[in-house]
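What follows is one structure encoded as structure tokens, with my remarks underneath.
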């Protein structure tokens, strides 16, 4: 298994670069593994092929494979040189932002206090019904609204086809 030599110039030209390792074997596609995103153009990486003792035919094969892998690829802005990392970033980051933006909001609305007092009024109604049962009072008082304040329409206003359901 052959390995690539990275010069100090190639490593120093990459910002925020912590670790780079390259594997070159006849059976495995050439990959460059990094622990952090490296935002550089492809041209600064070309000198790595020149500084290593790789036969010219294999250099052309590597360049051909890189060109084949990136021919139909337009960067999404997450990584300029690595198609897989760029695709991962373009899917993972919006998913994460959407999840982290939506989930806390959902939790807030689910566990927010009863601002309309609907739960309180429901509980209060059940307590009032239980008090009226215990005291032997009717559940709904017929004089809740005084009869003098209620104005009902006459039978002539309702018409002959109007049915009153009690």
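In this note's numbering, the protein residues as written are 43 to 208.
Ideal Cβ placement from N, Cα and C applies to all residues, glycine included.
Per DSSP, the continuous alpha helix (DSSP H) segment holding residue 126 begins and ends at 125–153. When secondary structure is reduced to three states using DSSP, residue 203 falls in the coil class, being assigned neither helix nor strand. Boundaries of the alpha helix (DSSP H) around residue 162: 160–177.
The C-alpha of residue 190 is placed about 20 Å away from the C-alpha of residue 199. Within the same chain, 125 come within 7 Å of residue 115 by CB-CB distance, once the 5 residues on both sides are set aside. DSSP, reduced to helix, strand and coil, places residue 111 within a helical segment of the structure shown.
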